[in-house]
Amino acid sequence: MTRQTVTLTIVLHLLKHFADHCPHLFCQRVRVNPDIFDDILDQISDHPIFFNQSHNRQLPIAIQLANFLNHAGYYENAISPEYVAQWAGVSVGSVINCTNRVMVAILDQHDTFMQFPVLDSEDVKIACAYTQKHSCPKWHNGILAADESAFRLHAKPTLHSETFYDRKSNYSLNCQLVILPHNLLIADYGLGLPGSVHDAYAFQHTQTPREHAELLGDQHWIWADSAYPFEPWCVVPFKKPRGKRKLSLTLFELYKD
């Protein structure tokens, strides 16, 4: 038995032990709980990328997934393949190969899991009930919420760097998310524009504003902050008026009838 085989056996044994007896330690290592890990493993295990005709067998898929999750769950120095290789007891090349294979397998599942909720689905019914409980009956058709989440970059980009400089003084990518309020599941997203781009512009590149009539109908809408456009299908707060002038109607008074 080689040193690498011994190390892999130890890592797999520890992960199993953590999963059964110390879930918090399992989550520290791979950033998901054991049940989620098993669900992901079940979804990707039959992907053809994990099977080849080479005489050099691939690592067990569970180990490849653990390597990927450990690699993706950290940042700065801890994200280096060398760090993951020391933890898993494999070569740097194996860490890179594991990361690439698992990424391909997960991305091929994109359309299976990234779906806008159908208006007569159970998720939409629960979202309506959740909104009504936390606001008022007239607002129960606000079934989704939109917001921006910046993905910070490790270093200043060398090309067009100033376009990535956002309002919080970080170099980042703009990520738009549309989620269900009751369980935070992502229904729509947009990623790739630089951090300096305004939310209203970035939001236009997601599926929701382009196909809102088909996705939301004429009775439902999404909630968003004041950076987003005010539309019949996108409800945003009233902006504070300039000076001492007060609004004659509150948002509740405007929509209560």
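Residue numbering for the sequence shown follows numbering that gives the first Met the number 0, beginning at 0 and increasing consecutively. Glycine included, each C-beta is placed from N, C-alpha and C at the ideal position. Keep in mind it's a predicted model, so treat the numbers as computed, not measured.
> How is tryptophan 261 classed by DSSP in three states: helix, strand or coil?
Replying inline: What the structure shows of the chain is the stretch from 0 to 256, and residue 261 is not part of that stretch, so it cannot be assessed.
>> Just verifying my parser: in three-state terms, what is the DSSP assignment at serine 171?
In response: By one-based count along the sequence shown, residue 171 stands at place 172. In the three-state reduction of the DSSP assignment, serine 171 falls in the strand class.
>> Here's the rule: buried if 16 or more other CB atoms are within 10 angstroms of the residue's CB, otherwise exposed. What is leucine 215?
In response: For the purposes of this step, residue 215 is identified with residue 216 of the sequence shown, where counting begins at 1. By the neighbour-count definition (other C-beta atoms within 10 Å, threshold 16), leucine 215 is a buried residue.
> So, glutamate 147 versus aspartate 198, is the Cβ gap smaller than 7 Å?
Replying inline: The residue given as residue 147 occupies position 148 in the sequence shown. The residue given as residue 198 occupies position 199 in the sequence shown. Taking a C-beta distance under 7 Å as the contact criterion, glutamate 147 and aspartate 198 qualify as a contact pair.
>> What would DSSP say about glutamate 213, mapped onto helix, strand or coil?
In response: Residue numbering aside, residue 213 sits at position 214 when the sequence shown is read from its first letter. It is helical.
> Between the C-alpha atoms of leucine 143 and arginine 56, what's the straight-line distance to the nearest angstrom?
Replying inline: Taking the first residue of the sequence shown as 1, we reach residue 143 at position 144. Taking the first residue of the sequence shown as 1, we reach residue 56 at position 57. So the two alpha carbons sit approximately 46 Å from each other.
> Regarding arginine 56 and the ligand ATP, is the C-beta to nearest heavy atom distance less than 6 Å?
Replying inline: Absent from the structure shown: the ligand ATP. Ligands present: none.
> What's the gap between the Cα of alanine 71 and the Cα of arginine 28?
Replying inline: By one-based count along the sequence shown, residue 71 stands at place 72. By one-based count along the sequence shown, residue 28 stands at place 29. When rounded, the separation of the alpha-carbon atoms in alanine 71 and arginine 28 is 11 Å.
>> Taking its Cβ as the centre, do 16 or more other Cβ atoms sit within 10 Å of arginine 100, making it buried, or is it exposed?
In response: Here residue 100 is taken as the residue at index 101 of the sequence shown, counted from 1. It counts as buried.
>> Taking the straight line between their C-alpha atoms, what separation do you get for phenylalanine 25 and alanine 18?
In response: If you number the sequence shown from 1, residue 25 lands on position 26. If you number the sequence shown from 1, residue 18 lands on position 19. Going by C-alpha positions, phenylalanine 25 is about 6 Å away from alanine 18.
> Do tryptophan 220 and glycine 141 have their C-beta atoms within less than 7 Å of each other?
Replying inline: Along the sequence shown, read from residue 1 onward, the residue named residue 220 stands at position 221. Along the sequence shown, read from residue 1 onward, the residue named residue 141 stands at position 142. Remark: C-beta atoms of tryptophan 220 and glycine 141 approach each other more closely than 7 Å.
> Whose CA, out of His54, Gln175, Ile185 and Ile39, lies closest to the CA of isoleucine 105?
Replying inline: In the sequence shown, counting from the first residue as 1, residue 105 sits at position 106. Nearest C-alpha to isoleucine 105: Ile39.
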